[in-house]
Amino acid sequence: MAFKLGVFIIICIYLQVSNCALNKQDYGVHLTTDSAKWVEKCRAITGTTQEEVDAAAQGMFPESFAPYISCLWFESGVLKPNLEAVPERLKHYWPVKVIKPEELSQFIPCAKSARELGSDVPINKKILEMTKCHYKINPGKYIIF
Numbered sequence: 004m005a006f007k008l009g010v011f012i013i014i015c016i017y018l019q020v021s022n023c024a025l026n027k028q029d030y031g032v033h034l035t036t037d038s039a040k041w042v043e044k045c046r047a048i049t050g051t052t053q054e055e056v057d058a059a060a061q062g063m064f065p066e067s068f069a070p071y072i073s074c075l076w077f078e079s080g081v082l083k084p085n086l087e088a089v090p091e092r093l094k095h096y097w098p099v100k101v102i103k104p105e106e107l108s109q110f111i112p113c114a115k116s117a118r119e120l121g122s123d124v125p126i127n128k129k130i131l132e133m134t135k136c137h138y139k140i141n142p143g144k145y146i147i148f
């Protein structure tokens with residue numbers, strides 16, 4: 004169950020706040036403050052633009068977006084390189100009032116499918132595919148910064 008919660012929370016960290024059904028005040032203080040640090044670092048590393056983030060908020064995830072989304076997942080500390088979630092970090096960042104436990108199980112197949120892509124598939128590509136899958140499940144609760 005903790006893994007399910009973790010996968011869902013990680014995915015939800017990444018959809019544009021202004022294009023989302025969730026309000027920024029629902030994110031909680033930890034996610035709100037720490038995400039600004041992740042964004043600054045990951046944009047500096049990857050060169051991702053606001054336009055690319057806005058496109059992802061609308062469900063458009065080009066291959067060039069993979070390094071940025073991977074950076075966010077790893078900088079947050081909620082995802083291990085083997086695509087397993089870190090439950091303690093997820094609970095720290097994502098309030099239960101936003102994501103209900105019963106919503107989490109629908110996201111598990113996304114992480115499983117990504118892990119099964121094979122060892123020849125780069126981790127960035129696996130994370131991008133997992134992200135696309137999560138977006139398709141519930142775009143209204145998906146956020147990205």
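Using the working numbering, read the sequence shown as starting at 4 and increasing by one per residue.
Yeah, the Cβ is synthetic: ideal placement off N, Cα and C, and Gly gets one too.
Next item on the list: Can you tell me which of the three DSSP states ILE140 falls into?
Entry: Along the sequence shown, one-based indexing puts residue 140 at 137. Judged by DSSP in its simplified three-state form, ILE140 adopts helix.
Check: Considering only residues of the same chain and omitting the five flanking positions on each side of SER116, which have a CB-CB separation below 8 angstroms?
Finding: For the purposes of this step, residue 116 is identified with residue 113 of the sequence shown, where counting begins at 1. Same-chain partners within the cutoff: GLU132, MET133, CYS136.
Item checked: Which of helix, strand or coil DSSP assigns to ALA93 -> Translated into the one-based positions of the sequence shown, residue 93 becomes position 90. Note that residue 93 corresponds to Leu in the displayed sequence, not to Ala. If DSSP states are grouped into helix, strand and coil, LEU93 belongs with the helices.
Check: Going straight from the alpha carbon of ALA88 to that of ILE147, what length do you get?
Finding: Start at 1 with the first residue of the sequence shown, and residue 88 comes out as number 85. Start at 1 with the first residue of the sequence shown, and residue 147 comes out as number 144. Approximately 18 angstroms, taken between the alpha carbons.
Margin query: In this structure, how does DSSP classify LEU34 when only helix, strand and coil are distinguished?
Written below: Reading the sequence shown from its first residue, position 31 is the one you call residue 34. In the structure shown, LEU34 sits in a helix (DSSP, three-state: H, G or I).
Item checked: Where ILE146 sits in the DSSP three-state scheme -> For the purposes of this step, residue 146 is taken as the residue at position 143 of the sequence shown. When DSSP states are grouped into helix, strand and coil, ILE146 belongs to the coil group.
Notebook entry, point to check: Should LYS129 be labelled buried (16 or more other beta-carbon atoms within 10 Å of its own) or exposed?
Noted result: As a position in the sequence shown, residue 129 is number 126, starting the count at 1. Buried is the call here.
Next item on the list: Say whether chain E places a C-beta atom closer than 7 angstroms to the C-beta of LEU93.
Entry: Annotation note: the requested chain E is absent from the structure, which comprises a single protein chain.
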